[in-house]
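Numbered per the numbering used here, the sequence shown spans residues 774 to 985.
Here the structure is laid out as structure tokens; the discussion comes afterwards.
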Amino acid sequence: MRPLKAHTGRGVTLRRSDVDTDQIIPAGYCKRLTKTGYADGLFAGWRADPQFVLNQPAAAGASVLIGWHNFGTGSSREHAVWALRDGGFAAVIAVSFGDIFLRNAWKNGVPAVRLPAEAVSWLADRTEADPSALITVDVAGREVRAGERRFPYPVDDRARRLVLDGLDDMDLTLLAADRIAAYEHDRPYWLPRLSPDAVANRLSRLTGPVPA
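Below you can see the structure in the form of structure tokens.
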């Protein structure tokens, strides 16, 4: 994943609560084995309605989705985040999120930012009044900026680091490869273990040769 310190873009508002992952991307679009290529499934059911907000000319090129309460509830499918990302959204702002969607979003490089209802309402009103208005989601500074206003938001340190450094869970594990190899080397012989050669071989298949 690419590191992301901050993103600035135009917003689009989806004034619906309890948007579940099956509405974000219906199950029929989740049969691929890749993490990309899901833009065609993004809100596929709702896009059949010409009046749907994402079908409006003002939404073209928007990269910050403003949701409402409980965005991303329902299933644990990561495809919902992949579809948003492939659909051009670099960040999602809402009053609240489904817990698993929230974790999946940060783990896949799409900041999911929780703001108070008053702040989300202000951003939504502003975006609808002026679709060209810009919103900055600052990951490093833990705040959203729009016009003259700034909205700090909570995010745990691990999720923030994943996005800032462009890491996924496997990347984080491999950062500790030396310590993992040392642990396996010193592990008592009567316990299940991987030999240092086995660790090196497994890591080399994932990352290339391991330095001596």
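Built from N, CA and C at the ideal position, the CB exists for glycine as well.
None of the values given here were measured: they were computed from a predicted structure.
Rounded straight-line distance, which links the Cα of I873 to that of S849: Within the sequence shown, residue 849 is the residue found at index 76, counting from 1. Within the sequence shown, residue 873 is the residue found at index 100, counting from 1. Rounded to whole angstroms, S849 to I873 spans 6 Å at the Cα level.
Environment of G1032 [buried if 16+ CB atoms lie within 10 Å]: With the chain running from 774 to 985 in the structure shown, residue 1032 is simply not present.
T794 in three-state terms, based on DSSP: The residue labelled residue 794 in the question sits at position 21 within the sequence shown. Here T794 sits in helix by DSSP.
Backbone secondary structure at P984 - three-state DSSP: Taking the sequence shown and counting its residues from 1, the one referred to as residue 984 is at position 211. Residue placement at P984 is flagged as unreliable, the pLDDT there being 48, under the threshold of 50; a coordinate-derived value is accordingly withheld.
Other residues of its chain near R1034: CB distance less than 6 Å, five sequence neighbours each side excluded: No information on residue 1034 is available, as it lies outside the stretch 774 to 985 that the chain covers here.
D872 (DSSP reduced to helix, strand or coil): Reading the sequence shown from its first residue, position 99 is the one you call residue 872. Reduced to three states, the DSSP call for D872 is helix.
Within 8 Å, strictly: CB atoms of V826 and L857: Translated into positions along the sequence shown, residue 826 becomes position 53. Translated into positions along the sequence shown, residue 857 becomes position 84. For V826 and L857, no; Cβs fall outside 8 Å.
Pair within 8 Å by beta-carbon distance, A821 and V910: For this step, residue 821 is matched to residue 48 along the sequence shown. For this step, residue 910 is matched to residue 137 along the sequence shown. It is not a contact, given that the beta carbons lie outside the stated cut-off.
Length at least 4, wholly inside the segment 912–957: the alpha helix (DSSP H) runs in chain order: 930–938, 942–948
Three-way DSSP call (helix, strand, coil) for L896 in this model: Here residue 896 is taken as the residue at index 123 of the sequence shown, counted from 1. It is helical.
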